[in-house]
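Chains as they are written, first to last, in our numbering: chain V, 1 to 261; chain G, 1001 to 1487. No residue lacks a Cβ here, since even glycine has one placed at the ideal position from N, Cα and C. To start, the structure itself, in structure tokens.
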Amino acid sequence: MVLDSPVLEVRNLWASVGDAPILKGVNFRVMPGEVHAIMGPNGSGKSTLANVLAGHPLYQVTEGEVLFRGEDLLSMAPEDRARRGFFLSFQHPIEIAGVRLDQFMRASYNAVQKSRGQEELDALKFDRLVKSKSKLVELDPTLIRRSVNEGFSGGEKKRTEILQMSILEPTLAILDETDSGLDVDALRVVAEGINQLRTTDNAVVVITHYQRILEYIVPDVVNILSNGRFVKSGRRELAFEIEARGYDWLQETEDRVGVGP
Amino acid sequence: MATPEVISRETGLGDSGYKYGFVTDVESEVIPPGLNEDVIRLISEKKNEPEFMLEWRLRAYRHFLTLVEQEQVPQWANVDYPPIDFQKIVYYAAPKPKVTLKSLDEVDPELLATYEKLGISLEEQKRLAGVAVDAVFDSVSIVTTFKEELAKHGVIFCSFSEAVQNYPDLVKKYLGSVVPYADNFYAALNSAVFSDGSFCYIPKGVRCPYELTTYFRINYAESGQFERTLIVADEGSYVSYLEGCSAPQRDNNQLHAAVVELVAHDNAEIKYSTIQNWYPGDEEGKGGIYNFVTKRGRCQGVNSKISWTQVETGAAITWKYPSVLLQGDNSIGEFYSVALTKGYQQADTGTKMVHMGKNTRSTIISKGISAGHGSNTYRGLVRVNSRADNARNFTQCDSLLIGDQCSAHTTPYVEVRNSSAHLEHEAYTSRVSEDQLFYCNQRGMSTEEANALIINGFCKEVFRQLPLEFAVEATRLMELNLEGAVG
């Protein structure tokens, strides 16, 4: 029997913006089929971690190694990461004036398909694919004819991100504060959509401030990020503890660790 | 006789990615460089023109001379280039044999191959359905397709030279009626030396069943191209016309100084589209076409409409302001423009909407894209005369910047002499942001694909105005032009 190899393995990852270090030695591993939650207070480096893994040019990796399906992720261009099955659901999805959402999604889908030597879809066939997927997140069908994210509500933006995830079927999806700006109903819809996309082969990393979304997407592992590194790791119960106690007690723990022998 | 691909995309030698930079090896009949009355007489003689044409040319030339003496070369545009030596230009170059062709079979196969390569098939079986083409090569029109079918509808579509021979009364009536030879420096030069171009006349009540297309090609190295196009839409008629342009890739600058005149009578509509892809010069800004063009339409009749759509991706320098004189009551003028400057290209382009009749309306949508060291200026005038009651104008001029070496400028002029006028002006300048590119990258698109997508989105309102076949071509052309230009 072949043992499962990790989808993602992050080893001692350091990253900065300009001269300011933000990630200070992050280590974790995500196995196929897993849901991995990363929680942390504002400014702890959660979004930086997501963006660094996706290859945003604003961030420089100063140390460490990341393996994605056994390959060196950090040496790949952002589009190559995406084409190999890495997906980031943006905390703040970007607006693109004049570019219709369906055109954007088709350009994306076909770029990925092309890189894999698989069939690219014409507008008609792609339309069918989108229709079949839209139900998953209960997306207003008129939205896909509008400019990408332009004038979308917070909920519409997040639904759209998950729609794209469902179309691209990534091996690893990082959801960066997908729950922020969603009301309870929208959160449930989006979370259920994400759950339906889960398989034994892919994995999801949920980045969040609150444990609310984790009531719907049940994590196998919960890591707490604080000041650029993981300060506590646990199972689902850790998220409940955060909900009850906040993040401050972890900060203190970390400080003690910092000065300890 | 082989066609040497001097520098072309296919051979991989082209550094600027200009796909149309090849030279066709044809024997040309060329007159020596230089400009004087004899040259003008010679051009007129070669074209076997009636006396009125020669006289008109000579009047234009004499006016041009006074402008030269007074140093009236236009200086106001936001473009920069060394003075042009008008004595070094060849004013007439034509492929041999001289062209009095009865059918396509008589056209030099090299010329057909040239157009084939440019994606313009002149052969019957390969023609784009519903598109009639006039092919102008250097100074002459080599062939016009679909002529007979058009004639059945009474539509005249032929080279300007032929029109002078066969329809002298129409030419005499309309030539210079919208753009007089004294209009401006380059219009005067063009009027003196113009060699060919297209002529269209749509009779009363006829909706022209074909898209009329002229494809201009500069081939000869030292020549200028001075084309003249005249389109007249008689009462209640409709025509859609499109011009395309390209030229070989060369180190010297070549002058293209065209004049286009449109006349729309009562209830007539002219839709004029341009896809301009002259050689833009290399990456260091060497070579390229100077595209100095005067285009103007007159909405002469009531309820008439003239719509200009232009996609300007080529030329080292573009200087053109397709305009509409809104003379007839309730007439409509439109201007839709995309101008892309990359490398060291410069464009100063826009429109003039002159409201003269009552209830006249105009729309201006201008999209300027600057990349590399490109400079892009929108210059527009909206004038409402005192008797133009209830005039309406909507202007939107947007600029998109790619990179930090390029520039965008907007110079809108407004002159209103009637208090009932209603003018709206919107403008924004944006940049293809790092975040937008990253977002596209994250979804698997390369930076080039992302740029093309974002830019096509930016241009969408204008591309939508193009006839369908050409909208696709325009999109493709933008992508080609952006390859390697951004990133």
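Per DSSP, Y247(V) has no beta-bridge partner at all. Contact of D1435(G) with chain V is assigned, a C-beta pair being separated by under 8 Å. Comparing alpha carbon positions, the residue from G1350(G), L1325(G), D1266(G) and Q1346(G) closest to Y1336(G) is G1350(G). Shown here for L187(V): same chain residues with a beta carbon closer than 6 Å to its own, the five before and five after excluded, namely D179 in chain order. Taking the Cβ atoms as the reference, I217(V) lies roughly 6 Å from V206(V), within the contact range of under 8 Å.
Separation of Q1405(G) and G1372(G) (C-alpha to C-alpha, rounded to the nearest whole angstrom) is 6 Å. Cβ contact annotation for Y1186(G) (same chain, cutoff 7 Å, sequence separation greater than five): A1257, F1292 and T1294, in chain order. Listed along chain G, the residues sitting closer than 7 Å to G98(V) by beta-carbon distance are G1457, F1458 and K1460.
Of all alpha-carbon atoms in L88(V), R69(V) and D220(V), the one lying nearest the alpha-carbon of Q164(V) is that of L88(V). For the 8 Å CB-CB criterion, T208(V) and A37(V) form a contact.
Each residue's CA atom was taken as its position, placing G1244(G) and N1166(G) some 25 Å apart.
Across the set C1200(G), F1438(G), V1133(G) and W1319(G), the C-alpha of W1319(G) shows the shortest separation from the C-alpha of S1375(G). Ranked by how close their Cα comes to the Cα of E156(V), the residues N110(V), L175(V) and L182(V) have L182(V) in first place. DSSP places F1226(G) outside both helix and strand once states are collapsed to three, so it counts as coil.
F1470(G) is a Cβ neighbour of L1242(G), given a cutoff of 8 Å. Within chain G, the C-beta atoms nearer than 7 Å to that of R83(V) come from G1444, in chain order. Listed along chain G, the residues sitting closer than 7 Å to V112(V) by beta-carbon distance are G1444. Closest in C-alpha terms to W249(V), from the list Q211(V), V231(V) and G33(V), comes V231(V). Look at the beta carbons and you see the stretch 169-178 of chain V not touching the stretch 130-141 of chain V: under three pairs across the two are nearer than 8 Å. Look at the stretch 52-65 of chain V: the residues with a C-beta under 9 Å from a C-beta of chain G are A54, G55, H56, P57 and L58. Burial check for L1468(G): the Cβ neighbour count within 10 Å stays below 16, so the residue is exposed. Taking 8 Å as the upper bound for CB-CB distance, L129(V) and V66(V) are not in contact here, some 31 Å apart. For V1155(G), the closest of A1233(G), S1191(G), E1426(G) and E1434(G) by C-alpha to C-alpha distance is A1233(G). For M1353(G), the uninterrupted beta strand (DSSP E) run begins and ends at Q1346 to H1355, by DSSP.
For K1320(G), the enclosing beta strand (DSSP E) starts and ends at I1317 to K1320. For a Cβ distance threshold of 7 Å, nothing in chain G lies close to A186(V): the least Cβ distance comes to about 21 Å. At a cut-off of 8 Å between beta carbons, F152(V) makes no contact with chain G. Straight-line measurement puts the Cα of N42(V) at about 14 Å from the Cα of Q211(V). Contact between the stretch 117-124 of chain V and the stretch 69-88 of chain V is absent: fewer than three C-beta pairs spanning the two stretches fall below 8 Å.
For K1047(G), the three-state secondary structure derived from DSSP is coil. Under the three-pair Cβ rule at 8 Å, the stretch 24-36 of chain V does not count as touching the stretch 1398-1413 of chain G. What A107(V) touches in chain G, judged by beta-carbon distance under 7 Å, is M1445, E1449 and L1453, going in chain order. When the alpha-carbon of F1052(G) is set against those of G1176(G), H1153(G), E1149(G) and R1417(G), the nearest one is in G1176(G). Counted as a single uninterrupted DSSP element, the alpha helix (DSSP H) harbouring C1459(G) occupies residues T1447 to F1463. Proximity of chain V to N1441(G) at the Cβ level (cut-off 8 Å) is accounted for by G55, A77, P78, E79 and A82, in chain order.
Contacts with chain V at 8 Å (Cβ-Cβ) include F1438(G).
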